[in-house]
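If you're matching positions, the sequence shown starts at 2 in our numbering and goes up one per residue.
Glycine included, C-beta positions come from ideal geometry on N, C-alpha and C.
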Amino acid sequence: MHRRILTALLTLSIAGCATTKPAQTPAETAPAAQPRTQTPAPDAEAFREQQPKPGKPPELVLPTFEQAKLDNGLTVIVSTRKELPLVFVGIAFAAGVSQEPAAKLGIADLSYRMLLEGAGKRDTVALDNAFADLGVSPAMSVDPDGAFVGARVLTTNVDAAMSLLSDVVLRPTFDAKAFERRKKQQLGELVRRMGDPNFLAQQAYYQAVFGADHPYGHTSGGTPKTVESLTLADAKSFYTKHTGPRAAALIMTGD
């Protein structure tokens, strides 16, 4: 009997010592969280891998010109554009460097540039100041086939600019002192150009292509020898002979 009691007690002791699995918490029973994937930052230099595409080509807008001829033979050419309140007004002459006599090379430059050395009742300084009062400096160019004098002004100053250009073209003073000063300036410019390889190459090119005796066979400005021999009478004669309403055009562009 004692043995059966001991056996029962031993059985109960073993059962009491057995470990039981504790209850799991909700966090433990939830499925494991997946690791978060980070989006890579965009490459700031990636655009270099693809060639840029051209944009839309701009629309070509060609200027339109209206032309008329006055009773005295002067041609008037007008191109109207309203983008800015500016007008370019000038006089183009049909004769240029190619009309110079062989013995008087440089006379075209000297004659035309005398137009800005006094006109009407204004001497060189007064004429320059009158243009400056309009906020402009007159432009002058002398080319093989013509010459041009003009200025770009505000629309409100067109009448004043036309008045000044009228004096310049119709009433140049051809002052003797101004002529000698302008002549010395041209000689000085020739000395400078004689040391310029580009000018020497251009001079050689014209003579090789056209020939020394051809109207296009020389550069503008003449030579020191020919310019030194030029007189005020030569300048007046060239201008009178090669200009006038039938050999010129009034050109206006802008507003």
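- Here V143 is near G97, since their CB atoms are less than 8 Å apart.
- Excluding sequence positions up to five before and after G136, its CB lies within less than 8 Å of the CB of V154, L155, N158, all in the same chain and listed in chain order.
- I92 is a Cβ neighbour of L166, given a cutoff of 8 Å.
- A148 and S112 have their C-alpha atoms spaced approximately 10 Å apart.
- For V79, the enclosing beta strand (DSSP E) covers residues 76-81.
- The secondary-structure analysis by DSSP pairs S138 with nothing; it has no beta-bridge partner.
- With contact defined as three or more Cβ pairs closer than 8 Å, the region 45-63 and the region 208-223 are not in contact.
- Look at R153 here: in three-state DSSP terms it is strand.
- In its chain, beyond the 5 residues on either side, no residue has a beta carbon closer than 6 Å to the beta carbon of N130.
- Taking all protein chains shown into account, K242 has fewer than 16 neighbouring C-beta atoms within 10 Å of its C-beta and is therefore exposed.
- Partner residues in the beta bridge of V143, as assigned by DSSP, are A148.
- Judged by DSSP secondary structure, M253 falls within the beta strand (DSSP E) whose first and last residues are 249-255.
- When secondary structure is reduced to three states using DSSP, A120 falls in the strand class.
- DSSP places Q51 in the coil class of the three-state scheme, outside both helix and strand.
- In the three-state DSSP reduction, A127 falls in the helix class (H, G or I).
- Of P59, D110, K70, L171, the smallest CA-CA separation from K184 is found for D110.
- When V90, G212, E60, G189 are compared, the shortest CA-CA separation from T81 is found for V90.
- Counting only the Cα atoms, Q186 lies some 40 Å from L63.
- Listed in chain order, the non-local C-beta contacts of L71 below 8 Å within the same chain comprise V77, P246, local neighbours out to five positions each way being set aside.
- Following the DSSP letters along the chain, one finds G189 in no beta strand (DSSP E) but inside the alpha helix (DSSP H) bounded by residues 177-194.
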